[in-house]
Each structure stands twice: as structure tokens, then as C-alpha cells.
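> Starting off with a structure, shown below.
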Ligand SMILES: [Zn+2]
Ligand SMILES: [Zn+2]
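Residue numbers (my numbering): 780 to 1249.
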């Protein structure tokens, strides 16, 4: 803990009369209690009485000029300030907070962590929105009400609503600078009731949606309606400012929902399906074009309503039996069919030319409807004019020159790391942060093994900066 002498605070070494007496009885001499010398401790945490100024200047109390506490210098010059019972109680609590920190020297955390915790707590108290916007007026009012003007004054931590740069507003912004420990202590106690509770809060994150896993609503996979989703991205709903979660399942489904009354129960529903994902799309295509099921049957299979099915049939350009109902009774136009066949073949060959290294599956994904038409009506030709199924994996990878890619990526990553390091207050370098900055998050997270230069660089950088910060 850093000691900074604050203007309004005693510059004399302090002592507690009661401690003095007890020390003398117990040890036959006095000593300066470390905790009494902190500028933010105004009341003895053991005896709950205001500390006294000695005649010894605090600055003299250093390793080169050590002066023992004695009857000569521990002469009461009156308490530092007369406190009301209520204020004395608050000061006692703050002294206990400092004492707790003294007894937990390992508790130190990166600056960013404090910002996160403050933000989570402010959100849970409705002083900040889910998008991390702080209601400064509310914060100011509640903070001032909690401590009162006098306490803040004693601790040289006055706040002023008109001053945008005042410490109370700055401490809940992303930390670029450090603050006197008492200001963090004031914040922690205000938000959590005590410093101990602040650090011991088991749920270190703001969790409007509770804990993972969350339910997946993908009707095309086995885990339909099972709680399997581990990932949620928090933002806020533009209309009602409520927290909005975007849930991403490993099966590819992504949906969003806001916090609702039913949140604690299992009965919640997505507000919006962002995507059902590839697996769902493929199953839809299979049911519609290969199995030729009817609309209701498809909807039943995929556990959605028929409107949704029709929307996706349109969206994916699928050939649904129920949509061509009217055509079924129309006279068959042989020429048209031949034309279509020729057109389909031509389109497929075009696709092959365009993606010479793609596998059959990849071509199929590139143009599912075309593939399905050929598969149904012209399968032998399709098989003869597709890349062989068992392509060695090497040929797939050949499309990407990983060596070259590695060098390019490394350059981008180095640039991002330099940017982070050049900030006034260097932030922790994480893979995620670098990924976001370079817009290569997915590549860095999933393909780092293919990028040995980048990987080594990142490992070394992240490690050295962590060591530096420790
Ligand atoms: Zn005492
Ligand atoms: Zn899923």
C-alpha cells in the first residue's frame, strides 16, 4: 500500500492512547503502530477512539531517522478532529478495512480488474447501464448520502458534481491512472459494505443471466432444450436499456434475449434467433429437398412453426414440394427440363472453375440449392464431375500458405501489441484483446497452432509483460 500524505491529514506520527497504555503494560515500552500512521486511518481499529497527534513529524519517521515512541513525543495534542458518533463509526469501519488489507497482502489485482468489479456492482445497483454508462448524478447522490460531506473531507476525498474530472467519476472509468488506496476503499465499502466483502464476493462477475450453461433451442441437434451453452456476450437492449445477452452454442445456433421475470426459472425463451446455424440449415435442406417432407412435418422435425420454415425455405432458395404444388399439375415441359439440366450442369462446372481446390462438400455448401437439384435429377453426372470425396487433407490446406500467413499475422499482432504498450497505462495483453484489435480473433483462437511464429511471439510477449507487471 502506498503512503501519501494528504493535505487535510495530520503530518505528525499518530498514536492511540489506549494502545499506548496496553503496550506499556505488556512490553514495558511504546512502539509506533504501522496502521496508526496511515493517512486514512483516523480511529484506532482496536479501541474505536480517535487517534492522537504526537509531537513527532511523520516525515521524520523513516529508516534513517528512527525515533522510538516515548512519553516525550506521545503527548496528546487532542484528537485529529472531533467526530460525531456516526462519523466515528464510519471511520472505525474504514480503519477495519485498512487492517483487513494489511492482513491480506496477496490481494493485489490489476487495475482493470477493479474497474470491472466496480462496473458490475454499479450495474447491479442500477447506477450503470448494461452498456457501462454510469449515471453520474445517481452515483454522486448515493455516494454522498452514504458517507456524508465531513467524512470525505477528513479523508481529502471531497467530490464535486460539476467537476467531470473529480476522483469519484474517474475511478469508475477504465483506469488509466492510480488512485489513493483510501478512495478505492471508500468505493469498495460503498458498493459492497466492506473491503472484505468486496474481495470475497464469490461471483466476481455481473451475471444478469445467472450462471452457464444456458439452454439451446436448436431443434436439429440432439441437445435441443438442454442447457449446454457456455458463452454469453453482454450488451444492452436499445429500447428498454435492459441487459441483453447474445448466446452462442457450439452447434452454431446464436440467439439473444433480455432479462425477464422468468429468468430464474427454466421457462425463458429467446427474444430473437440470430441464426439457427449450419446444422439446422442442412437438416432443413435435407428434409425439404431430399426427404421431401411436407411443411408441417418439417416444422415438427425442426421444432419451429411453419412460418419460420417458409421463411428459411425462401431465404436459402430451397425447392420445397409444397411451394411447387401448383406446378405439379401443370403439363410437363420437356424442353424446360432439359434446359434446366444443361443450365445446372453449366452452373456446377462454373462453380468448379471458380473454386478449383474446393471439396465436394465445400462446393455443396457454396451452392446448396444447385447441388440439391443435380443430386436429385442428375446424380451420376454430378458424381463424375465433382472432386473425389476422399481428398487427402493436405490438398485442402494447400489453399492457405500458412507460412506466409504466419508472417503477415505476426506483423499485425506486433503492431497491436505495440499499440497496447504505448498506452499511458499499459493494459494487460491478452489473446482476446489482440484478436479484437487485429480483427483476427477467430484465427488466433482456433488456428494459432498453424502460426508458429505468431504463437511464439505472443507467448513471449504475454509472459514478459505479466512478469513486468508483477
Ligand atoms: Zn488503540
Ligand atoms: Zn446448440
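The beta-carbon is built from N, C-alpha and C at its ideal position, and this holds for glycine as well.
Since this is a predicted model, take the numbers as computed values, not measurements.
#1: Compare the Cα-Cα distances from residue 1193 to each of 1208, 1180 and 1144 and report the closest residue.
#2: Got a sec: does ligand 2 put a non-hydrogen atom nearer than 7 Å to the Cβ of residue 1033?
#3: Residues in its own chain within less than 8 Å of residue 916 by CB, not counting five upstream and five downstream?
#4: What do you reckon, are the CB atoms on residue 1033 and residue 1054 nearer than 8 Å?
#5: Below 7 Å CB to CB, which residues in the same chain sit around residue 1022 once its five sequence neighbours on both sides are set aside?
#6: How long is the line joining the alpha carbons of residue 950 and residue 1088, rounded to whole angstroms?
#7: Can you tell which of 1081, 1185, 1065 and 1128 has its C-alpha closest to the C-alpha of residue 1148?
#8: Compute the minimum distance between the beta carbon of residue 1060 and the heavy atoms of ligand 2, and state whether it is under 7 Å.
#9: Do residue 946 and residue 962 have their C-beta atoms closer together than 8 Å?
#10: Where does residue 820 land, buried or exposed, given buried means 16+ other C-beta within 10 angstroms?
#11: Sort out for me which residues DSSP pairs residue 1035 with in a bridge.
#12: Measuring from the CB of residue 831, is there a heavy atom of ligand 1 at a distance below 7 Å?
#13: What span of residues does the alpha helix (DSSP H) with residue 1192 cover, start to end?
#14: Mind checking which residues open and close the beta strand (DSSP E) that includes residue 1006?
#15: Considering only C-alpha positions, which residue in the set 1056, 883 and 1213 is nearest to residue 1199?
#16: In three-state DSSP terms, what is residue 949?
#17: Look up residue 903 in the DSSP assignment and say whether it is helix, strand or coil.
#18: In chain order, what residues place their C-beta within less than 7 Å of a heavy atom belonging to ligand 1?
#19: CB-CB under 8 Å to residue 1004, same chain, minus the five flanking residues each way: which ones, in chain order?
#20: Anyone know if the C-beta pair for residue 899 and residue 906 falls short of 8 Å?
#21: Give the DSSP bridge partners of residue 881, in chain order.
#22: Does DSSP classify residue 1253 as helix, strand or coil?
#23: State buried or exposed for residue 1081, treating a residue as buried only when at least 16 other CB atoms are found within 10 Å of its CB.
#24: Counting C-beta neighbours from all protein chains within 10 Å, is the total for residue 873 16 or more, i.e. buried, or is it exposed?
#25: Which residues does DSSP pair with residue 829 in a beta bridge?
#26: State buried or exposed for residue 875, treating a residue as buried only when at least 16 other CB atoms are found within 10 Å of its CB.
#27: By how many angstroms is the C-alpha of residue 989 removed from the C-alpha of residue 730?
#28: Note down the Cα distance separating residue 948 from residue 1235, rounded to an integer number of angstroms.
#29: From residue 1027 to residue 1072, what distance separates their C-alpha atoms?
Taking the geometry as given:
#1: 1208
#2: no
#3: 940
#4: yes
#5: 909, 987, 1013, 1015, 1037 and 1038
#6: 51 Å
#7: 1065
#8: no
#9: yes
#10: buried
#11: 1025 and 1051
#12: no
#13: 1181 to 1200
#14: 1006 to 1008
#15: 1213
#16: helix
#17: helix
#18: 795, 797, 798, 823, 825, 826 and 828
#19: 994, 995 and 996
#20: no
#21: Bridge partners of residue 881: none, in fact.
#22: Beyond the ends of the chain as shown, which are 780 and 1249, falls residue 1253; an answer cannot be given.
#23: buried
#24: buried
#25: 822
#26: buried
#27: Within the shown structure, residues of the chain are numbered from 780 to 1249, placing residue 730 beyond reach of any answer.
#28: 40 Å
#29: 29 Å
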